[in-house]
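Numbering (the working numbering), first residue to last: 3 to 294.
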């Protein structure tokens, strides 16, 4: 095997593969560590280990779409997998993740929560029955954290609907005595503020768009280390600045652009992303999609 010192050791073997396999690997979702995400993961671990008490601390992770909120939670869930208790036959899940329904509705939310924990609700169940079933099963599963994604969906409802859903979240947190982790856009902060008691328990944690700074350089360096190009991509300061400007500092958009350029570098035989390729970038190369 050829040695590629510019690549992560776990990626070097992929660089010897044919074009198609390398492009497939490039297009797979990947985790790239960076300080703000690492801080969020550390805080989540602290909350997971937090002892039960009457007022549990909660966390609101907010930011623009594409800033990596969901990827942070997915990595956290992978690090804290379920465990099966052979004696009781119960699959204990430390972290349960549920997406807020498109518009605030308690019954639909309980239906979704029950589906997530693998217990389809009975047909025509009343709200009280759904609540009782959800609480009973959650107490059996014994989660140590409940994550609610897309919390900004709350603002799609009327004031009364929003209040009822916020009361439901507060009720679940109080009954289970576990931290609530809410994810959403900047509007999610406004949604949580609709309940003063609930809002006082939430620590806000923002994921702002990237700026042209050392942290962004580190992010792109980590991404390039994970892409099986056979030559090192040495990017200039102006090229990195262009990456920020073109993508508005959004993580997902930035990654898509770099992956498009890496795919094109394999197809054309360049085997590296050049500053010129970034400065001239307009859209994904047709050659890249010809290999799909």
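Built from N, CA and C at the ideal position, the CB exists for glycine as well.
{"Check": "Closest residue to residue 35 among 263, 255 and 77 (Cα-Cα distance)", "Outcome": "77"}
{"Check": "Close beta carbons around residue 172, own chain, < 8 Å, minus the five adjacent residues each side", "Outcome": "197, 199 and 200"}
{"Check": "8 Å Cβ cutoff, residue 219 in contact with chain D", "Outcome": "Although the question refers to chain D, the structure presented lacks it and comprises just one protein chain."}
{"Check": "Contact check, residue 140 vs residue 108, beta carbons under 8 Å", "Outcome": "no"}
{"Check": "Residue 137 beta carbon less than 8 Å from that of residue 123", "Outcome": "no"}
{"Check": "Segment contact, 8 Å Cβ cut-off, at least three pairs: the stretch 205-224 with the stretch 245-253", "Outcome": "yes"}
{"Check": "Helix, strand or coil at residue 180 [DSSP, three-state]", "Outcome": "coil"}
{"Check": "Where residue 105 sits in the DSSP three-state scheme", "Outcome": "coil"}
{"Check": "Three-way DSSP call (helix, strand, coil) for residue 231 in this model", "Outcome": "coil"}
{"Check": "Straight-line Cα distance separating residue 101 from residue 134", "Outcome": "20 Å"}
{"Check": "Residue 72 versus 99, 240, 93 and 58, residue with shortest Cα-Cα distance", "Outcome": "99"}
{"Check": "Euclidean distance between Cα positions of residue 143 and residue 121", "Outcome": "11 Å"}
{"Check": "At least three beta-carbon pairs within less than 8 Å, the stretch 3-22 to the stretch 240-248", "Outcome": "no"}
{"Check": "Simplified DSSP state of residue 37, which is helix, strand or coil", "Outcome": "helix"}
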